[in-house]
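J.: In terms of this note's numbering, the sequence shown opens at residue 61 and continues consecutively.
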Amino acid sequence: MAAGGVPLVPDSVLLEIFLYLEPADVLSAGRACRQWHDVARDEFLWKELFYRYYGVSRDVPRHPAAVSWYDEFQRLYDTIPCVEVQALKEHNDQVLHLSFSHSGCLFASCSKDCTVKIWSNELDISLQHSSNMRPYNWSYTQFSQFNSDDSLLLVSGVFVGPHNSSSGEIAVISMENFTLLSRVRNKPYDVFGCWLNETNLISGNLHRIGRITSCSVLWLNNAFQGIESENVNVVKRLFKIQNLNASSIRTVMVADCSRYDCPDLLLDYEEQLAASSTCPVFDLGSDSEEEETKPKQTLEPDVQEMPDDGAVTAEDGLQQFFDDIMEGRVKPAMTETELETKVAELFVRTRTKPPELNLLPTDSDSNTKYLIFTTGCLTYSPHQIGIKRILPHQMTTAGPVLGDERRSVEFFDSLDHVIDVHGHIIGMGLSPDHRYLYVNSRAWPRDCVISDPMQPPPIAEEIDLHVFDLKTMKEVKRPLRAHRAYTPNEECFFIFLDVSRDFVASGAEDRHGYIWDRHYNICLAKLQHDNVVNSVAFSPVEQELLLTASDDSTIKVWRSPRVVRVQQARKLRPRKLLFSWLMNQKS
Numbered sequence: 061m062a063a064g065g066v067p068l069v070p071d072s073v074l075l076e077i078f079l080y081l082e083p084a085d086v087l088s089a090g091r092a093c094r095q096w097h098d099v100a101r102d103e104f105l106w107k108e109l110f111y112r113y114y115g116v117s118r119d120v121p122r123h124p125a126a127v128s129w130y131d132e133f134q135r136l137y138d139t140i141p142c143v144e145v146q147a148l149k150e151h152n153d154q155v156l157h158l159s160f161s162h163s164g165c166l167f168a169s170c171s172k173d174c175t176v177k178i179w180s181n182e183l184d185i186s187l188q189h190s191s192n193m194r195p196y197n198w199s200y201t202q203f204s205q206f207n208s209d210d211s212l213l214l215v216s217g218v219f220v221g222p223h224n225s226s227s228g229e230i231a232v233i234s235m236e237n238f239t240l241l242s243r244v245r246n247k248p249y250d251v252f253g254c255w256l257n258e259t260n261l262i263s264g265n266l267h268r269i270g271r272i273t274s275c276s277v278l279w280l281n282n283a284f285q286g287i288e289s290e291n292v293n294v295v296k297r298l299f300k301i302q303n304l305n306a307s308s309i310r311t312v313m314v315a316d317c318s319r320y321d322c323p324d325l326l327l328d329y330e331e332q333l334a335a336s337s338t339c340p341v342f343d344l345g346s347d348s349e350e351e352e353t354k355p356k357q358t359l360e361p362d363v364q365e366m367p368d369d370g371a372v373t374a375e376d377g378l379q380q381f382f383d384d385i386m387e388g389r390v391k392p393a394m395t396e397t398e399l400e401t402k403v404a405e406l407f408v409r410t411r412t413k414p415p416e417l418n419l420l421p422t423d424s425d426s427n428t429k430y431l432i433f434t435t436g437c438l439t440y441s442p443h444q445i446g447i448k449r450i451l452p453h454q455m456t457t458a459g460p461v462l463g464d465e466r467r468s469v470e471f472f473d474s475l476d477h478v479i480d481v482h483g484h485i486i487g488m489g490l491s492p493d494h495r496y497l498y499v500n501s502r503a504w505p506r507d508c509v510i511s512d513p514m515q516p517p518p519i520a521e522e523i524d525l526h527v528f529d530l531k532t533m534k535e536v537k538r539p540l541r542a543h544r545a546y547t548p549n550e551e552c553f554f555i556f557l558d559v560s561r562d563f564v565a566s567g568a569e570d571r572h573g574y575i576w577d578r579h580y581n582i583c584l585a586k587l588q589h590d591n592v593v594n595s596v597a598f599s600p601v602e603q604e605l606l607l608t609a610s611d612d613s614t615i616k617v618w619r620s621p622r623v624v625r626v627q628q629a630r631k632l633r634p635r636k637l638l639f640s641w642l643m644n645q646k647s
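#1: The alpha helix (DSSP H) spanning R56 covers which residue range?
#2: Per DSSP, E535 is paired with what?
#3: Starting from the Cα of R271, find the closest Cα among N303, T311, T428, W279 and give me that residue.
#4: Cβ atoms of D558 and V596: under 9 Å apart, would you say?
#5: Hey, C55 and G217: beta-carbon distance below 9 Å or not?
#6: Rounded to whole angstroms, what is the Cα-Cα separation between V499 and F238?
#7: Between which two residues does the beta strand (DSSP E) carrying W504 extend?
#8: Would you kindly report the start and end of the unbroken alpha helix (DSSP H) that includes Q656?
#9: In angstroms with no decimal places, state the Cα-to-Cα distance between V232 and V244.
#10: Check S318 in the structure and name its three-state DSSP category.
#11: Would a C-beta distance cut-off of 9 Å place S276 and I309 closer than the cut-off?
#12: Let me know the secondary structure DSSP gives I262 once reduced to three states.
#13: Does the beta-carbon of H453 have 16 or more other beta-carbons within 10 angstroms, so that it is buried, or is it exposed?
#14: Can you name, in chain order, every residue of its own chain whose Cβ lies under 8 Å from the Cβ of R502, other than the five neighbours on each side?
#15: For L148, which residues in the same chain have their Cβ closer than 6 Å to its Cβ, ignoring the five residues on either side in sequence?
#16: Taking the C-alpha atoms as reference points, what is the distance between F252 and Q205?
#17: Please tell me whether G164 has its Cβ less than 9 Å away from any Cβ of chain D.
#18: Give me the DSSP bridge partner(s) of E602.
#19: Determine the DSSP secondary structure at D184, reduced to helix, strand or coil.
#20: From which residue to which residue does the beta strand (DSSP E) around D577 run?
#21: Classify K631 as buried or exposed, calling it buried when 16 or more other Cβ atoms lie within 10 Å of its own Cβ.
#22: With a CB to CB cut of under 6 Å and the five nearest residues on each side skipped, what residues in its chain are close to H494?
#23: Roughly how many angstroms lie between the CA atoms of S336 and V176, to the nearest whole one?
#24: Taking all protein chains shown into account, decide if D480 is buried (16 or more other Cβ within 10 angstroms of its Cβ) or exposed.
#25: Could you give the distance in angstroms between the alpha-carbon of T457 and the alpha-carbon of K300?
#26: For G115, which residues from the same chain have a beta carbon less than 8 Å from its beta carbon, with the 5 sequence-adjacent residues on both sides left out?
#27: Would you call T395 buried or exposed, if buried means 16 or more other Cβ atoms sit within 10 Å of its Cβ?
#28: Pick helix, strand or coil for K631, following the three-state DSSP scheme.
#29: What does the alpha-carbon distance come out to for the pair L261 and K107?
#30: Please name the residue or residues paired with S191 in a DSSP beta bridge.
#31: Could you please give me the residues that DSSP links to C170 through a beta bridge?
#32: What would DSSP say about N549, mapped onto helix, strand or coil?
#33: May I have the straight-line CA-CA distance separating H526 from M488, to the nearest angstrom?
#34: Kindly identify the DSSP beta-bridge partner or partners of H267.
#35: Got a sec, what are the start and stop residues for the beta strand (DSSP E) A231 sits in?
#36: With DSSP as the reference, label Q454 as helix, strand or coil.
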């Protein structure tokens, strides 16, 4: 019996009642209970309510930072940035990308209106500066990134060249006075570009070798090219990689390995699922691939496979292949595309620098960085993630400009690791500690066969959000799902995602942004827009603040119910004080 002779409500009855309520009503109803003090401390009740309400599998443990199941229930309702508090409408065309400064004080937005706008992140967000890139023959701005000390902003866009040809260009803008410091060509434009350190950025270039064979070159550029001395290197080639079957390198980013042993959030409780993952993960430097179930990785150097007992080398194999063609021994007859691919495969084996051994970081590798990008080997559709270690001497433009460290026969660099997602990759993002890589992809049909690289398989409307552990190079957890996309392969575009300490968010073509919990792997919120949501961005210092950008030309600002209540209380407090003062004056 409770105080006053009122009987206590059994936990089983409370549980059934609470399951019919929304989270906010559950918390309100609970506080209204005469036995609330006991209810709030009833771990069994809130654990059952949590698992049943949110649909979490019971083999998933409580969040490692949680104090109680009641606190967890409240966290997943109260701290999700799902309340729209402001809509920014200064852009007059589709808004494509958002990025925060590391301090969280500023953010930048890119748009089809060809401007990059800098916003001040205060209680009410306001526009601080707008740069129009049309005078530089840009069609639109598509991506931006602040450098590590927030003094420079990298802006990537589509550049209109001679005869209306499209390429990419990167501009560097000073945050001190918003002046344009330098511009760098970037091809193809969806390489986007990224910072390697405070003053050096990475761009790309593409050289055609054949109809479906090309070479991607990644360059390290000094941000101050226009004002550096002509006697100092301001650009240096990082890597030169051959592309097969109409593929190319796109979407470059840099991961810093220094925090791999102390991440913000470990996802280890589902490590056993990685072994049975359907997404193949394999090292280019190993020989453990199963040829029957995985496509041949044509970028793999053949150095480790070349015997020393006089057997035929890859170079001799190329000559033998040509002899077989001339004498009609190649059957069935190859198409021109198949012939070009076969020759390129044989050629690259003897003209590629071997991959770096022991890719996985060790305790002594605190300065290790990975260059991560999308690529492919079967079709132009990006279906693989390439990973290449950046060595310390490569992190500056000083030193050899054109790869003098290579032998004369080593034309290309190999990839250190490749992850194949068996689908069209449409987005990538790193966790704040750079331990985990989140990847948006649209899956291909199971067991599909690609016979023409210019005709990739159809892609699913449902988007899979994969999670890869960059310390182990394995997929962890099952893919997150909820968001959808509808455009076909040839029209497919990038949908940017972002990751905070506890949440991951993504845009979608179904006119919503989505938020998931990283630990429980559940979708927590859908954020409404009037058109495609292209980009999302969490504040790096306040994960209860999220921005979404859409084709409806707006940027929406979302805050958590908890923050909204606090802000409203602060606004009401002066009014209450004024009212009290007036009443006192009357009395």
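We treat Cβ as the ideally placed atom computed from N, Cα and C, and that holds for glycine.
T.: In short, the structure shows the following:
#1: Here the chain covers residues 61 to 647 and nothing more, so residue 56 does not appear.
#2: F528
#3: Minimum Cα distance to R271 is reached at N303.
#4: Cβ atoms of V596 and D558: closer than 9 Å.
#5: Missing from the structure shown is residue 55; the chain here goes from 61 to 647 and no further.
#6: Per the coordinates, the alpha-carbon of V499 lies some 33 Å from the alpha-carbon of F238.
#7: Counting along the chain, no beta strand (DSSP E) covers W504, and no H or E run does either.
#8: Since the displayed the chain opens at 61 and closes at 647, residue 656 lies outside it and no answer follows.
#9: 9 Å
#10: helix
#11: yes
#12: Strand.
#13: exposed
#14: Within the same chain, R502 has close Cβ partners G483, H484, I486, I519, A520, E521, E522, I523, D524, A545, C552.
#15: I615
#16: 10 Å
#17: Among the protein chains of the structure shown there is no chain D, as only one such chain exists.
#18: S599
#19: coil
#20: 572-577
#21: K631 comes out exposed.
#22: A315, D316
#23: Residue placement at S336 is poorly supported in this model, since its pLDDT is 33, which falls under 50; the coordinates still yield a value, given next. Their backbone Cα atoms lie some 44 Å apart in a straight line.
#24: D480 sits buried, since 16 or more C-beta atoms from the chains shown fall within 10 Å of its C-beta.
#25: 16 Å
#26: I582
#27: exposed
#28: helix
#29: 48 Å
#30: V176
#31: H157, V176
#32: helix
#33: Approximately 9 Å between the Cα atoms of the pair.
#34: C275
#35: 226-234
#36: helix
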